[in-house]
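Participant:
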Amino acid sequence: MIHEPIRTVRLHVNGAKHERSVEVRKSLADFLRDDLDLTGTHVGCEHGVCGACTVLLEGEPVRSCLLLAVQADGASLTTVEGLADGERLHPLQQAFWDHHGLQCGFCTPGILLTAKALLEENPHPSEEEIREAISGNLCRCTGYHFIVEAIRAAARP
Amino acid sequence: MKPAPFAYVDPRSIDEVVEHLARHGEDAKILAGGQSLMPMLNLRLARPSVIVDLNRVGGLDSITERDGVLFVGALARQRAVERWATPRLPLLAAALRLVGHTAIRNRGTVAGSIVHADPAAELPALLLCLDGAVVARSRAGERQIIARDLFHGPLMTSLRADEGVVETRWTLPPTAAGWSVREMARRHGDFALVGVAALVILARGAIARVRIALFGAGPVAVRAEAAEHALAGQTPKPALIEEAARLAVERLEPMSDLHAPAAYRLSVARTLTARALADALARASEGGH
Numbered sequence: 004m005i006h007e008p009i010r011t012v013r014l015h016v017n018g019a020k021h022e023r024s025v026e027v028r029k030s031l032a033d034f035l036r037d038d039l040d041l042t043g044t045h046v047g048c049e050h051g052v053c054g055a056c057t058v059l060l061e062g063e064p065v066r067s068c069l070l071l072a073v074q075a076d077g078a079s080l081t082t083v084e085g086l087a088d089g090e091r092l093h094p095l096q097q098a099f100w101d102h103h104g105l106q107c108g109f110c111t112p113g114i115l116l117t118a119k120a121l122l123e124e125n126p127h128p129s130e131e132e133i134r135e136a137i138s139g140n141l142c143r144c145t146g147y148h149f150i151v152e153a154i155r156a157a158a159r160p
Numbered sequence: 009m010k011p012a013p014f015a016y017v018d019p020r021s022i023d024e025v026v027e028h029l030a031r032h033g034e035d036a037k038i039l040a041g042g043q044s045l046m047p048m049l050n051l052r053l054a055r056p057s058v059i060v061d062l063n064r065v066g067g068l069d070s071i072t073e074r075d076g077v078l079f080v081g082a083l084a085r086q087r088a089v090e091r092w093a094t095p096r097l098p099l100l101a102a103a104l105r106l107v108g109h110t111a112i113r114n115r116g117t118v119a120g121s122i123v124h125a126d127p128a129a130e131l132p133a134l135l136l137c138l139d140g141a142v143v144a145r146s147r148a149g150e151r152q153i154i155a156r157d158l159f160h161g162p163l164m165t166s167l168r169a170d171e172g173v174v175e176t177r178w179t180l181p182p183t184a185a186g187w188s189v190r191e192m193a194r195r196h197g198d199f200a201l202v203g204v205a206a207l208v209i210l211a212r213g214a215i216a217r218v219r220i221a222l223f224g225a226g227p228v229a230v231r232a233e234a235a236e237h238a239l240a241g242q243t244p245k246p247a248l249i250e251e252a253a254r255l256a257v258e259r260l261e262p263m264s265d266l267h268a269p270a271a272y273r274l275s276v277a278r279t280l281t282a283r284a285l286a287d288a289l290a291r292a293s294e295g296g297h
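Protein sequence lines correspond, in order, to chains V and A. Using the numbering used here, the letters of the first sequence map in sequence onto residues 4 to 160. Using the numbering used here, the letters of the second sequence map in sequence onto residues 9 to 297.
(1) What does a CB cutoff of less than 7 Å around Leu268/A pick up in its chain, not counting 5 residues either side in sequence?
(2) Just to confirm my understanding: we take Thr72/A, look at its own chain, exclude 5 residues before and 5 after, and list those with CB closer than 6 Å. What are they?
(3) Hey, Asp198/A and Ala30/A: beta-carbon distance below 9 Å or not?
(4) Classify Asp157/A as buried or exposed, calling it buried when 16 or more other Cβ atoms lie within 10 Å of its own Cβ.
(5) Quick check on Leu51/A - is its C-beta less than 9 Å from some C-beta in chain V?
(6) Along the chain, which unbroken stretches of the beta strand (DSSP E) at least 3 residues long are found entirely within the segment 169 to 242 of chain A?
(7) If the cut-off is 7 Å on Cβ atoms, which residues from the segment 31 to 53 of chain V count as contacting chain A, listed in chain order?
(8) Distance cutoff 9 Å, beta carbons only. Does Glu7/V sit that close to anything in chain A?
(9) Find the nearest neighbour of Arg113/A within the set Ser188/A, Arg278/A, Val89/A and Leu97/A, judged by alpha-carbon distance.
(10) Looking at the secondary structure, which residues open and close the beta strand (DSSP E) in which Phe159/A lies?
(11) What separation, rounded to the nearest whole angstrom, lies between the Cα atoms of Arg168/A and Leu131/A?
(12) Can you tell me the Cα-Cα spacing of His6/V and Leu83/A, whole angstroms?
(13) Hey, does Asp61/A have any beta-carbon neighbour from chain V nearer than 9 Å?
(14) Relative to the C-alpha of Ala286/A, which residue among Asp69/A, Gln43/A, Val174/A and Val189/A is closest?
(15) Touch check for the segment 98 to 105 of chain A and the segment 27 to 45 of chain A: three-plus C-beta pairs under 8 Å?
(16) With DSSP run on the structure shown, which of helix, strand or coil describes Met164/A?
(17) With H, G and I counted as helix, E and B as strand and the rest as coil, what does DSSP make of Ala144/A?
(18) Take Leu276/A and list the residues in its own chain whose beta-carbon comes closer than 6 Å to its own, dropping the five residues that flank it on each side.
(19) I'd like to know whether the C-beta of Thr117/V is nearer than 9 Å to at least one C-beta of chain A.
(20) State the CB to CB distance for the pair Leu39/V and Val16/V, rounded to an integer number of angstroms; the pair is presumed to be in contact (CB under 8 Å).
(21) Lys20/V and Ala72/V: beta carbons closer than 9 Å?
(22) In chain order, what residues of the same chain have a beta carbon less than 8 Å from the beta carbon of Gln37/A, not counting five sequence neighbours either side?
(23) At which residue ranges does the segment 40 to 74 of chain A contain complete beta strand (DSSP E) runs of 3 or more residues, listed in the order of the chain?
(24) Asp287/A by DSSP, collapsed to three states: which one?
(25) Just reading off the alpha helix (DSSP H) that Lys119/V is part of, what are its end residues?
(26) Could you confirm whether any beta carbon from chain V is found closer than 9 Å to the beta carbon of Gln242/A?
(27) Please classify Met150/A: does DSSP put it in a helix, a strand, or coil?
(28) Would you mind telling me which residues of chain A sit closer than 9 Å to Cys68/V, beta carbon to beta carbon, in chain order?
(29) Are the CB atoms of Thr117/V and Thr57/V nearer to each other than 9 Å?
(30) Taking the beta strand (DSSP E) that Gly62/V falls in, what are its first and last residues?
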């Protein structure tokens with residue numbers, strides 16, 4: 004039996020404070036899902052290609068499969084669970100609903116958080132800018148058209 | 009759990025980092041942005057026994073300019089450098105926008121991509137194109153390694169196991185320099201099948217200085233020196249550009265894989281080189297930018 008190194012991690016996720024002991028080799032994605040029961044962060048390729056595990060670290064989109072949980076010690080994260088305000092959907096979530104921007108839903112959390120960061124930096128992106136922003140998020144259902152439409156709709160005042 | 013077990017240390021100073029490297033040598037791996045290392049750990053292509061996390065070392069994320077040289081700390085994220093370079097060094101900014109996706113560049117470091125030395129990556133070629141260097145630190149002290157002495161093979165550099173890169177250095181071209189970076193990739197953000205960066209400085213209508221560097225066209229990023237020699241001192245003409253592009257790919261030996269055969273990569277490299285030179289010359293004759 005290999006001795007598994009453990010560390011204590013303290014962090015904020017969606018405004019809530021958490022403290023857990025965690026194996027040092029555990030990814031942030033697995034930590035969110037397994038230790039904090041925040042299963043909205045999806046795990047796809049686990050090597051940074053698919054974008055399903057994208058979360059916001061200090062407001063910036065990052066791949067949670069390419070971070071160790073221990074690296075997030077002291078950090079503030081936003082996951083898809085932090086988007087809605089109680090029963091009221093975030094404008095991006097509402098736009099995805101209205102414009103059929105999700106189908107199986109697997110890529111949706113990563114795309115929502117990527118789009119949130121895009122609209123904060125660039126409130127009125129062109130279609131090309133939207134497509135470039137989500138180029139690191141793979142969707143195998145809708146072919147992106149409705150996703151782009153939804154983000155455009157959410158960007159409109 | 010995806011990676012094989014490892015011990016994790018997160019030192020607060022460079023001195024502590026190099027102590028760990030001195031102690032563990034080949035068994036240790038530096039974790040900076042993690043956008044190349046973490047996939048290799050998750051896929052168990054790399055199984056270091058010690059991860060030395062650089063991210064808690066203060067002062068390594070600086071981006072400063074002094075006497076015509078850009079100094080980029082080992083923890084400066086690609087996105088931060090992209091923002092710095094957008095008005096000041098448009099060639100580097102344009103190349104950075106081709107590196108992965110925003111979420112990758114938010115974490116990925118410039119130094120990390122360079123020392124990872126993927127032959128298809130943009131930044132090693134940019135370091136060659138901009139007469140750059142890395143500064144490596146070990147317990148024995150610091151040394152500068154210029155770009156042409158750095159890249160030895162795919163994912164191989166001249167860095168020793170007890171050395172860590174603390175800074176990359178880039179020669180800032182005059183603002184009137186013309187530039188271009190072009191690549192062919194399956195999708196935006198993918199690794200390039202092949203690509204090229206070019207920098208041209210004109211003086212009285214003739215080519216005073218030119219740099220051409222190719223990536224994805226062999227085991228390492230390379231300067232196209234034969235093409236540079238053919239162009240130096242000449243007045244640009246279409247036939248000269250075509251000849252330079254031919255020379256640029258003459259001795260390349262790109263690999264074949266499921267994305268493209270070697271002959272196709274060569275053909276694209278030649279076409280992209282001609283286009284990049286034409287772009288760079290056009291920008292240079294307009295006074296840069």
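We put the CB at the ideal spot given by N, CA and C, even for glycine.
Facilitator: Let me spell this out:
(1) Counting from 1 along the second sequence, the entry for residue 268/A is found at position 260. A small correction: the amino acid at residue 268/A is Ala; Leu does not occupy that position in the sequence shown. Correct list, in chain order: Leu201.
(2) Residue mapping note: residue 72/A aligns to position 64 of the second sequence, counting from 1. Result list for Thr72/A: Phe79, in chain order.
(3) Sequence index remark: in the second sequence, residue 198/A carries index 190 (1-based). Sequence index remark: in the second sequence, residue 30/A carries index 22 (1-based). In terms of Cβ geometry, Asp198/A and Ala30/A do not form a close pair [threshold 9 Å].
(4) Here the question's residue 157/A lines up with position 149 in the second sequence. Counting Cβ neighbours within 10 Å, Asp157/A comes out exposed, since fewer than 16 surround it.
(5) In the second sequence, counting from the first residue as 1, residue 51/A sits at position 43. Judged by the 9 Å Cβ criterion, Leu51/A is in contact with chain V.
(6) Restricting attention to beta strand (DSSP E) runs no shorter than 3 residues, the segment 169 to 242 of chain A encloses them at 172 to 179, 186 to 193, 200 to 211 and 214 to 223, ordered along the chain.
(7) Hits within the stretch, in order: Glu49, His50 and Gly51.
(8) Numbered from its first residue, the first sequence carries residue 7/V at position 4. Yes - at least one Cβ of chain A is within 9 Å of the one on Glu7/V.
(9) Taking the first residue of the second sequence as 1, we reach residue 113/A at position 105. When each option's Cα is compared against that of Arg113/A, the closest is Val89/A.
(10) If you number the second sequence from 1, residue 159/A lands on position 151. That run of the beta strand (DSSP E) goes Phe159 to Gly161.
(11) The residue labelled residue 168/A in the question sits at position 160 within the second sequence. The residue labelled residue 131/A in the question sits at position 123 within the second sequence. Spanning the two alpha carbons is a distance of roughly 20 Å.
(12) Position 3 of the first sequence holds residue 6/V. Position 75 of the second sequence holds residue 83/A. Distance from the CA atom of His6/V to the CA atom of Leu83/A, rounded to whole angstroms, is 31 Å.
(13) To locate residue 61/A, count along the second sequence from 1; it is residue 53. For Asp61/A, the answer is yes, since a Cβ of chain V falls inside 9 Å of its Cβ.
(14) The sequence position of residue 286/A within the second sequence is 278, counting from 1. Taking only the C-alpha atoms, the option nearest Ala286/A is Val189/A.
(15) no
(16) One-based indexing of the second sequence puts residue 164/A at position 156. Three-state result, Met164/A: strand.
(17) Counted from its first residue, the second sequence places residue 144/A at position 136. Ala144/A falls in the strand class under three-state DSSP.
(18) In the second sequence, residue 276/A corresponds to position 268, counting from 1. Looking at the sequence provided, one finds Val at residue 276/A rather than Leu. Contacts found: Met192 and Val202.
(19) Here residue 117/V refers to the residue found at position 114 of the first sequence. The beta-carbon of Thr117/V is placed less than 9 Å from the nearest beta-carbon of chain A.
(20) Translated into the one-based positions of the first sequence, residue 39/V becomes position 36. Translated into the one-based positions of the first sequence, residue 16/V becomes position 13. Sure, about 6 Å apart at Cβ, within 8 Å.
(21) On the first sequence, residue 20/V is found 17 positions in, with the first residue counted as 1. On the first sequence, residue 72/V is found 69 positions in, with the first residue counted as 1. Going by C-beta atoms, Lys20/V is not nearer than 9 Å to Ala72/V.
(22) Walking along the second sequence from the start, residue 37/A turns up at place 29. A small fix is needed here, since residue 37/A is Lys in this sequence, not Gln. Here the set comprises Leu45, Ala54, Pro56, Val58, Ile59 and Val60.
(23) Listed in chain order, the complete beta strand (DSSP E) runs (minimum 3 residues) inside the segment 40 to 74 of chain A are 58 to 61 and 71 to 74.
(24) The residue labelled residue 287/A in the question sits at position 279 within the second sequence. Three-state result, Asp287/A: helix.
(25) For the purposes of this step, residue 119/V is taken as residue 116 along the first sequence, with counting starting at 1. Counting along the chain, the unbroken alpha helix (DSSP H) around Lys119/V starts and ends at Thr111 to Glu124.
(26) By 1-based counting over the second sequence, the position of residue 242/A is 234. Closer than 9 Å: no.
(27) In the second sequence, counting from the first residue as 1, residue 150/A sits at position 142. Per the sequence shown, the amino acid found at residue 150/A is Glu instead of Met. In the three-state scheme derived from DSSP, where H, G and I count as helix and E and B as strand, Glu150/A is classed as strand.
(28) Against the first sequence, residue 68/V aligns to sequence position 65. By Cβ distance, chain A contributes Lys10, Met46, Pro47 and Asn50.
(29) Mapped onto the first sequence, residue 117/V falls at position 114. Mapped onto the first sequence, residue 57/V falls at position 54. Yes; because the gap between Cβ atoms is below 9 Å, this pair is in contact.
(30) Sequence index remark: in the first sequence, residue 62/V carries index 59 (1-based). That residue, Gly62/V, is in no beta strand (DSSP E); it is neither H nor E in DSSP.
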